[in-house]
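Peer 1: Just so you know, the UniProt record's numbering puts 276 at position 276 of the sequence shown, and the rest follows in order with no gaps. Even glycine gets a Cβ: it sits at the ideal position worked out from N, Cα and C.
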Amino acid sequence: MDLDKIIAIDVHTHAEASCWHPHDDFRPELDEAFAKYFKSHKRPTIQETADYYRERNMAFVMFTVDSEFNVGKHRIPNEEVAEGAQKNADVMIAFASIDPHKGRMGAREARNLIENFGVKGFKFHPTVQGFYPNDRMAYHLYEVIAEYKLPMLFHSGHSGFGSGVRGGGGLRLEYSNPIHLDDVAIDFPDNPIIIAHPSWPWQDEALSVAMHKPNIYIDLSGWSPKYFPKQLVQYANTMLKDRMLFGTDFPLITPDRWMKDFEEAGFKEDVKPLILKENAIRMLGLK
1 MDLDKIIAID
11 VHTHAEASCW
21 HPHDDFRPEL
31 DEAFAKYFKS
41 HKRPTIQETA
51 DYYRERNMAF
61 VMFTVDSEFN
71 VGKHRIPNEE
81 VAEGAQKNAD
91 VMIAFASIDP
101 HKGRMGAREA
111 RNLIENFGVK
121 GFKFHPTVQG
131 FYPNDRMAYH
141 LYEVIAEYKL
151 PMLFHSGHSG
161 FGSGVRGGGG
171 LRLEYSNPIH
181 LDDVAIDFPD
191 NPIIIAHPSW
201 PWQDEALSVA
211 MHKPNIYIDL
221 SGWSPKYFPK
231 QLVQYANTML
241 KDRMLFGTDF
251 PLITPDRWMK
261 DFEEAGFKED
271 VKPLILKENA
281 IRMLGLK
């Protein structure tokens, strides 16, 4: 990866379509509500995403979400994401997702993905996976990730997944309150821990945890920057400027739209390069 050529690193994109397996339509009501919430039915392949970012001289982190225990749908294989990163190493970095309920077997899978597939971090979605991030059940998995000091990225705040479905599809928002990551940051102080998204309705909790724990980062994905809470922009411009990360939630939000709105969202000129690239380079250990 030519970091001088790359203009930005998007730390939050999704593998939405598998070329190895057909889409699992086990719970179509969740897919339909998700598409309605985000006004998008587009599901690009991994290669299409890589080509899209390459055209823009951007790099990106991609992952699937393993929610097989709580939701009951087959995940896109982590190995497929990793293979995509190997084929597109100039722009793509693979994170994996393993449902924490898989316990020691999940920990074994994590080690294999790190050592044999080059995975560089892990994504968790507490609401969709159905767990509190500080539940000791998940620590079998965290402990393997901690051995390699890799990043752990956690969804936070409201979830478009399940929004509008009867009973929210049985998905609990409270799992994704970022205050639960305070314990994780204490127990794994050498791992970068990324709080994904503006954490509405718990934005202040996210900022507090990040202020207190120096291994906490915040990615700015999932929302257009013009809708960011004022306090998020304030701290991004000042005390947390070294730990804010560019992220989109692609394909739900495109980098073109995000970058356009970012220019008008009140971020200081000297802070923009940190958010767009420099903080991610340091957090991902690319230099």
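Using CA atoms only, rank isn't needed, just tell me which of GLU79, LYS241, GLU174 and LYS226 is closest to residue 289.
Peer 2: Outside the shown range of the chain, which is 1 to 287, sits residue 289, and nothing can be said about it.
Peer 1: Assuming ASP249 contacts LYS226 (C-beta within less than 8 angstroms), just tell me the rounded distance between them.
Peer 2: Rounded, the Cβ-Cβ distance is 15 angstroms, inconsistent with contact.
Peer 1: Can you tell me whether ILE186 is buried or exposed, with buried defined as 16 or more other CB within 10 angstroms of its CB?
Peer 2: It is exposed - the Cβ of ILE186 has fewer than 16 other Cβ atoms within 10 Å.
Peer 1: I think PRO192 touches PRO151, with their Cβ atoms under 8 angstroms apart; what is that distance to the nearest whole Å?
Peer 2: Confirmed, about 4 angstroms.
Peer 1: For PHE124, does the three-state DSSP call read helix, strand or coil?
Peer 2: Reduced to three states, the DSSP call for PHE124 is strand.
Peer 1: Tell me the DSSP bridge mates of VAL61?
Peer 2: DSSP, once it has assigned bridges, lists ILE93 as partnering VAL61.
Peer 1: What is the DSSP secondary structure of TYR132, reduced to helix, strand or coil?
Peer 2: It is coil, neither helix nor strand.
Peer 1: DSSP on TYR217, reduced to helix/strand/coil?
Peer 2: Three-state result, TYR217: strand.
Peer 1: For PRO273, count the other beta carbons within 10 Å of its own beta carbon; 16 or more makes it buried, fewer makes it exposed. Which is it?
Peer 2: The residue is exposed, with fewer than 16 neighbouring Cβ atoms inside 10 Å.
Peer 1: Give me, in chain order, the residues of the same chain whose beta-carbon lies closer than 7 angstroms to that of THR13; leave out the 5 immediate sequence neighbours on both sides.
Peer 2: Excluding positions up to five away in sequence, the list reads THR49, PHE60, VAL61, MET62, THR248 and PHE250.
Peer 1: For residue 295, which residues in the same chain have their Cβ closer than 8 angstroms to its Cβ, ignoring the five residues on either side in sequence?
Peer 2: Here the chain has residues from 1 to 287 only, and residue 295 is not among them.
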